[in-house]
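Numbering (my numbering), first residue to last: 10 to 227.
Ideal Cβ placement from N, Cα and C applies to all residues, glycine included.
Only a predicted model underlies this, so the values are computations on that prediction, with no experimental measurement involved.
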């Protein structure tokens with residue numbers, strides 16, 4: 010069944026490519042341009058690099074819940090048969106920004122704790138908590154409640170989620186490595202990395218498909 014859900018995720022991605030790009034690419038482009046401008050500082054202002062990395066990291070952390078939440082709201086609207094316009098999806102994403110940011114941070118800390126113990130516990134925790142974002146955004150629940158509910162709700166779908174996430178992640182990682190090997194660190198590589206970052210939305214779509222299935226089962 011994993012392959013079927015992956016196929017469905019890819020079909021959704023292709024069918025709604027323009028809308029998804031309109032939601033995510035403006036934010037991803039801002040980050041890509043900042044990273045590109047930072048590359049010019051490597052030889053000129055080495056002392057400023059640490060602060061630049063921190064700034065971009067914080068900006069990415071601030072923007073991610075916004076376009077991530079907007080994407081989740083858009084996917085739900087498609088499922089309901091009434092796709093949201095881009096600006097409305099982003100507006101809804103803003104409304105859930107705080108909850109989703111805290112959920113994302115707590116999720117990351119839990120996964121990091123698991124990775125410190127061993128790789129496998131970290132992966133296990135990450136998969137079991139992967140419904141938390143959808144619960145937080147669509148059900149309007151707080152971070153701790155979303156994480157707790159995800160832990161129980163994803164149990165039945167653990168192996169399917171793990172297989173799908175690994176397939177998408179490894180595919181995108183290998184593609185990223187091929188790009189870096191082919192073009193090195195340049196403006197072209199930044200642009201292609203932007204495309205890879207956008208394609209990682211497949212992970213969100215795949216997870217959402219399993220989340221809706223778990224909702225139907227419950």
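Extent of the continuous alpha helix (DSSP H) to which residue i belongs
| i | result |
| --- | --- |
| residue 142 | 141-147 |
| residue 166 | Note, residue 166: premise wrong, no alpha helix (DSSP H); not H, not E. |
Residue i in three-state terms, based on DSSP
| i | result |
| --- | --- |
| residue 150 | coil |
| residue 223 | helix |
| residue 6 | With the chain running from 10 to 227 in the structure shown, residue 6 is simply not present. |
| residue 202 | helix |
| residue 209 | coil |
| residue 47 | helix |
| residue 186 | helix |
Nonlocal neighbours in the same chain, by C-beta distance under 7 Å from residue i, ignoring five residues either side
| i | result |
| --- | --- |
| residue 108 | 145, 151 and 152 |
| residue 130 | 123 |
| residue 98 | 32, 79, 82 and 83 |
| residue 141 | 112, 116, 155, 156 and 159 |
| residue 87 | 25 |
| residue 135 | 120 |
Nonlocal neighbours in the same chain, by C-beta distance under 6 Å from residue i, ignoring five residues either side
| i | result |
| --- | --- |
| residue 172 | 11 |
| residue 95 | 31 and 32 |
| residue 220 | 140 and 143 |
| residue 216 | 139 |
| residue 105 | 78 and 146 |
Burial state of residue i, where buried means 16 or more other Cβ atoms lie within 10 Å
| i | result |
| --- | --- |
| residue 93 | buried |
| residue 71 | exposed |
| residue 74 | buried |
| residue 17 | exposed |
| residue 110 | buried |
Neighbourhood of residue i by C-beta distance below 8 Å, restricted to the same chain and skipping five residues each side
| i | result |
| --- | --- |
| residue 200 | 41 |
| residue 165 | 223 and 226 |
| residue 188 | 198, 201, 202 and 205 |
**Item:** Minimum length 4: unbroken alpha helix (DSSP H) runs contained in the segment 66-143
**Value:** 95-104, 106-126 and 128-137
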